[in-house]
Structures are given as structure tokens and as C-alpha cells.
Amino acid sequence: MLTIPIRSVVRSFQPYTAGLSIEEIRQKYNLDRVIKLASNENPIGVSPLVQEAICKRAGLAFRYPQSGNPRLKAALARKLGVNTDRIVTGNGSDEIIDLLFRVTATSGVHNVVVFQPCFGLYPTQAALCGIELRRVMLNTNFSFPFEKALSLVDENTALIFVTTPDNPSGHAVLREELLAFAEKIPETCLLVVDEAYIDFTDNSEKYSILSDMPKHLIDRVAVLRTFSKVHGMAGLRLGYGIMPPEIADYMWRIRLPFSVNILAEEGALAALEDTAFYSKTLEVVRCGRTFLSKELTQLGCHVFPSQANFLMFIPPKGVNAHKIFNELLKQGLILRPLDSYGLPDFLRVSIGNSEENKYLITVLHKLLGFLQCI
Ligand SMILES: *Cc1c(COP(=O)(O)O)cnc(C)c1O
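Here the sequence shown stands for residues 191 to 564, numbered as in the working numbering.
Structure below.
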């Protein structure tokens, strides 16, 4: 019997559910090749400039990173056209999400509002911090019922999270609509807009709340971005937030001093310069999204419109989502079941490169033909 105290929120903690890894599936099914389309990673890999930057600095790994990541902060500020004092970098935007809870919400006093389903990390970090989570069901087409959300917000609501484009649906909110929502939120509550997938939209100016943010909203809105998706650096762990300067200051004070490692920082600086890789990624994702959406629909799936680098779909009538997921696994294709999002009948697939997308459709075509016969 362990005699060390364990906090009760830790004892009952429901950990974040991650996508399956390539290695575990390769071993389990004895496969030569496994294609992972489960975690919305970049379909063309790592930018050559990022690889070069990391290799060149490998010998610097014995040094601590520069405290406060000033070079990266300056590069991001320049790129985004915002003041450096609004930027906080972290070990993935996951860390920024965690810090937002820790900086703003007090257990037993405050609450946080999220939509349901939502990205798994909002509920996990709320639970860990002992913060009451208020959930608003999304509309059936996965758009946001903003009025309903407002009815749950009170003077003790510290944060409200909106993910756009949303995970797992891919639904994106128009900037105008988001701005109108922001205006109605009490000044005591911070609107957190998670823009992890904003680059993949048809036109980010139409969707991002960051471009040209009205001055009076600067102190009321935080925007989250990441190098994990469009910049192909998920394994290096680097994300950031653009937020009210005062909150950014508190975040910097409590953030673990060296949570962004030196190679991630150098990689990110190179990624910001690699416009060719960035454009190529967008081209591959947008083209693959159109292809997969059309093909999945033709196979009888119900595909939800997506502005992100993934698609959410319901398999054809009579075909079980778990069954498809498991059969695809055996053939070396990892998709994402959405049970942890409360959507057991849905699947999510990340857009792969054109060969991976075609392979998925070929395998699914055979599989669905077979499953529907029995
Ligand atoms: C992938 C993702 C992130 C990014 O996470 P990192 O910690 O930066 O890798 C943030 N929010 C959402 C909704 C995501 O899907």
C-alpha cells in the first residue's frame, strides 16, 4: 500500500488520449510499413531548412536555451505584426493552454466554458487545476451555439475556449462572427481562440481573429498557434500564444524556465523563413482535402466540411466505425477514432500526401465492399 499522499484530482484523472504510434502498430501486426493519419501532422514532413538549422546547432545542445526566447519572440512579433510583449512561447501550445488555467482560474471560485466536443487538453488541464468546466454542446452541424455559451458565462468565468478551425470537425468560424461573440463576453473573461489549424483555411484573413484585432480586444482575447501542424515540427514541441501583455507577463513568470528547448527554437526560426515549405504544405493539404472528401463521399461516407488538415466522417450506413478503424489498422493505416471526443460513430483522418491518400481510398474501397456484403 502506497502511503504517500496523492491528490484526489490526480487519483481520478482521465489522461489525454493520443493517436496510436507507428511503432506499436508495426510490431502488433507485423507490418513493413505503417501510414499514420491520426494526429494531424504535416503530410510532407520536416522542412529542409529546419533540418539544416537543427543539425547545425546539434553541438549547442549542452547549453541552456536563452531565457525568455527573445529571438523567437522578436521573429514571431515581426511576422504577425504584434508587439513582443503579447507573445508567450511554450512546449507546444499544450503548455500555453495549461498556463492559461494556472494563471487565471482559482479552484473553487472560477469556471471555464468549452464547447462539446472539444480538443482533449482543455478538459484535462481544467480537471488537474480543479476548475469547474461548463460544456456547451455544438450544433448538429458542428457550428458554435455562441448564444448558448453566453448563457453559461458568469462573473466567475475565467476563460472560454473556441477552436477554429475546430478539432475534430474542421468547422471554421468567420472572423466577423467571432468578433461579434468577443464583444458580448464580459470583460472579466478571457476569450481563448485556438488557431492551431488557421493556416489551412481557404483564406486565413477571413477566419483569423488575430489579423487586425480591434484595439479594445487586445486585453480580452488570447490566440493560440503552433509549429506542430503547418510547420511540421510536432516532435520538437513548440507553440505560442498572443495575449494581453499583462497576462503574458504573468505567464512568463510562472512558466518553467527552459520549457522550449534550444533545437526547437532554432528550428522555429528557420521554419518562419521557409516560405516554400509553407506554401507546399498548404498546396498538398488543400489538394488532398478535396480529393479525400470527394472519394470518401463517393464511398458512401458522410464527410463534414473541413478547413483544417483533417476530415471528420461517418462511415456508410450499417458499417461500424470501430470495425473500420480496426480493419484499417491491420492493413497499416492509423486513423483516429473519436470515442474520447464523445463521438464513437465518427472517424477523423489527417490529410496525407497524395500516395497515402490514394492508398487509404484503395484499402477502404475493398474493405467497405467486403463489410457491406456480410
Ligand atoms: C494539435 C493541436 C494543438 C497543438 O498542440 P501542440 O502542443 O502545439 O503540439 C493545439 N490545439 C488543438 C486544437 C490542436 O488540435
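Glycine residues also receive a C-beta, built at the ideal position from the N, C-alpha and C atoms.
Computed from a predicted model, the values in this text were never measured in an experiment.
Tell me which residues share the same chain as F309 and place their Cβ nearer than 7 angstroms to its Cβ, disregarding the 5 neighbours each side in the sequence. Position 119 of the sequence shown, counted from the start, is the residue given in the question as residue 309. Apart from the 5 residues on each side of it in sequence, F309 sits with its Cβ closer than 7 angstroms to the Cβ of T353, N357, D384 in its chain, given in chain order.
Alpha carbon to alpha carbon, what distance is there between H406 and N499? Counting from 1 along the sequence shown, the entry for residue 499 is found at position 309. Counting from 1 along the sequence shown, the entry for residue 406 is found at position 216. Taken atom to atom, the span from the alpha-carbon of N499 to that of H406 is near 32 angstroms.
Over the uninterrupted beta strand (DSSP E) stretch that includes T330, give me the two end residues. Within the sequence shown, numbered from 1, the residue matching residue 330 stands at position 140. Counting along the chain, T330 falls outside any beta strand (DSSP E), and DSSP gives it neither H nor E.
Quick check on the burial criterion: 16 or more other C-beta atoms within 10 angstroms. Buried or exposed for D153? With the chain covering 191 to 564 only, the question about residue 153 has no answer from this structure.
With a threshold of 8 angstroms on Cβ separation, who are the neighbours of K269 within its own chain once the five nearest residues in sequence on each side are excluded? Within the sequence shown, numbered from 1, the residue matching residue 269 stands at position 79. Annotation for K269: L462 place their beta carbon closer than 8 angstroms to its own, counting only its chain and skipping 5 residues before and after.
CA-to-CA distance, M423 to S530, given in whole angstroms: Residue mapping note: residue 530 aligns to position 340 of the sequence shown, counting from 1. Residue mapping note: residue 423 aligns to position 233 of the sequence shown, counting from 1. About 24 angstroms.
Spatial distance of A265 from T480 (CA atoms): Taking the sequence shown and counting its residues from 1, the one referred to as residue 265 is at position 75. Taking the sequence shown and counting its residues from 1, the one referred to as residue 480 is at position 290. Cα to Cα, A265 sits roughly 33 angstroms from T480.
Cβ-Cβ separation, Q488 to G360 (assumed contact under 8 angstroms), whole Å: As a first step, residue 360 is located in the sequence shown; it is residue number 170 there, counting from the start. As a first step, residue 488 is located in the sequence shown; it is residue number 298 there, counting from the start. Not quite, the Cβ-Cβ distance comes to about 19 angstroms (not below 8 angstroms), so this is no contact.
Are Y254 and F467 closer than 7 angstroms when you measure CB to CB? Position 64 of the sequence shown, counting from 1, holds the residue named residue 254. Position 277 of the sequence shown, counting from 1, holds the residue named residue 467. Not closer than 7 angstroms, so no.
Cβ-Cβ distance between V302 and L349 below 7 angstroms: Position 112 of the sequence shown holds residue 302. Position 159 of the sequence shown holds residue 349. Taking 7 angstroms as the Cβ cut-off, V302 and L349 qualify as a contacting pair.
Buried or exposed by the 16-neighbour rule on C-beta atoms within 10 Å, applied to Q315: Within the sequence shown, numbered from 1, the residue matching residue 315 stands at position 125. By the 10 Å Cβ count, Q315 comes out buried.
Output needed for S418: all residues of its chain with C-beta closer than 6 angstroms, excluding positions within five of it in sequence on either side, in chain order. Here residue 418 refers to the residue found at position 228 of the sequence shown. If we look at S418 and ignore the five residues flanking it on each side, its Cβ neighbours are A424.
Integer Cβ distance of V539 from L561, believed to fall under 8 angstroms: Along the sequence shown, one-based indexing puts residue 539 at 349. Along the sequence shown, one-based indexing puts residue 561 at 371. That pair is no contact at about 17 angstroms.
Three CB pairs or more closer than 8 angstroms across the segment 311-327 and the segment 449-456: Contact fails between the segment 311-327 and the segment 449-456, because fewer than three Cβ pairs, one in each stretch, are under 8 angstroms apart.
What I want to know is whether the C-beta of G429 ends up closer than 6 angstroms to one or more non-hydrogen atoms of ligand 1. Stepping through the sequence shown from its first residue, residue 429 is reached at position 239. Yes, since a heavy atom of ligand 1 falls inside the 6 angstroms radius drawn around the Cβ of G429.
To the nearest angstrom, report how far apart G280 and R261 are at their CA atoms. Along the sequence shown, read from residue 1 onward, the residue named residue 280 stands at position 90. Along the sequence shown, read from residue 1 onward, the residue named residue 261 stands at position 71. Roughly 14 angstroms separates the two Cα atoms.
L489 in three-state terms, based on DSSP: Here the question's residue 489 lines up with position 299 in the sequence shown. Residue state for L489 is assigned as coil, using DSSP reduced to three classes.
Which whole-angstrom value describes the C-beta separation of I234 and V224, a residue pair presumed to lie in contact below a C-beta threshold of 8 angstroms? Translated into positions along the sequence shown, residue 234 becomes position 44. Translated into positions along the sequence shown, residue 224 becomes position 34. Their Cβ separation, rounded to whole angstroms, is 18 angstroms, which puts I234 and V224 out of contact at 8 angstroms.
Pick out the complete alpha helix (DSSP H) segments inside the segment 407-457, 4 residues or longer, and give them in chain order. Segments of the alpha helix (DSSP H) lying fully in the segment 407-457: 435-444.
Is the CB-CB distance between L368 and I399 below 7 angstroms? Within the sequence shown, residue 368 is the residue found at index 178, counting from 1. Within the sequence shown, residue 399 is the residue found at index 209, counting from 1. Result yes, Cβ atoms of L368 and I399 sit closer than 7 angstroms.
Contact the segment 504-523 vs the segment 541-555: 3+ CB pairs below 8 angstroms: Touching, per the Cβ criterion.
What I want to know is whether the C-beta of S530 ends up closer than 6 angstroms to one or more non-hydrogen atoms of ligand 1. Taking the first residue of the sequence shown as position 1, residue 530 is located at position 340. Ligand 1 has no heavy atom closer than 6 angstroms to the beta-carbon of S530.
Would the C-beta of S418 count as close to ligand 1, meaning under 6 angstroms from any of its heavy atoms? As a first step, residue 418 must be located in the sequence shown, where it is residue number 228. Result yes, Cβ under 6 angstroms from ligand 1.
Report all residues from its chain with a CB closer than 8 angstroms to the CB of L501; omit the five preceding and five following residues, and keep chain order. In the sequence shown, counting from the first residue as 1, residue 501 sits at position 311. Leaving aside the five residues that flank L501 on each side, the residues in its chain whose CB is nearer than 8 angstroms to its CB run, in chain order, G360, R479, L482, S483, L486, V493, F494, R538, V539, I541.
Beta carbon of F536: closer than 6 angstroms to some heavy atom of ligand 1? Mapped onto the sequence shown, residue 536 falls at position 346. Between ligand 1 and the CB of F536, the shortest heavy atom gap is not smaller than 6 angstroms.
For the beta strand (DSSP E) that D356 lies in, which residues bound it at each end? Here the question's residue 356 lines up with position 166 in the sequence shown. Segment: none, D356 is in no beta strand (DSSP E) and carries neither H nor E.
Please state if the CB of L239 and the CB of A458 are separated by a distance shorter than 7 angstroms. Start at 1 with the first residue of the sequence shown, and residue 458 comes out as number 268. Start at 1 with the first residue of the sequence shown, and residue 239 comes out as number 49. Contact flag unset, no.
Per DSSP, the bridge partner or partners of N301: Taking the sequence shown and counting its residues from 1, one reaches residue 301 at position 111. E322, T347.
Is A386 close to ligand 1? I mean its beta-carbon at under 6 angstroms from any heavy atom of the ligand. The residue labelled residue 386 in the question sits at position 196 within the sequence shown. A386: yes, Cβ under 6 angstroms from ligand 1.
Three-way DSSP call (helix, strand, coil) for K507 in this model: Stepping through the sequence shown from its first residue, residue 507 is reached at position 317. K507: coil per DSSP, three-state reduction.
Short Cβ contact (7 angstroms threshold) for Y387 with L311: By one-based count along the sequence shown, residue 387 stands at place 197. By one-based count along the sequence shown, residue 311 stands at place 121. Cβ atoms of Y387 and L311: not closer than 7 angstroms.
Rounded C-alpha distance that separates Q204 from P313: Here residue 204 refers to the residue found at position 14 when the sequence shown is read from its first residue. Here residue 313 refers to the residue found at position 123 when the sequence shown is read from its first residue. Their backbone Cα atoms lie some 9 angstroms apart in a straight line.
Could you spell out where the beta strand (DSSP E) holding R526 opens and where it closes? In the sequence shown, the residue the question calls residue 526 occupies position 336. For R526, the enclosing beta strand (DSSP E) stretches over residues 526-528.
With DSSP run on the structure shown, which of helix, strand or coil describes L364? Numbered from 1 along the sequence shown, position 174 holds the residue referred to as residue 364. DSSP places L364 in coil when its eight states are reduced to three.
Please return the same chain residues whose Cβ sits closer than 6 angstroms to the Cβ of R216, not counting the five positions on each side in sequence. For the purposes of this step, residue 216 is identified with residue 26 of the sequence shown, where counting begins at 1. Excluding sequence neighbours, R216 sits near V224.
Run through the DSSP bridge pairs and tell me what L523 is partnered with. In the sequence shown, counting from the first residue as 1, residue 523 sits at position 333. Secondary-structure assignment with DSSP links L523 through a beta bridge to I225.
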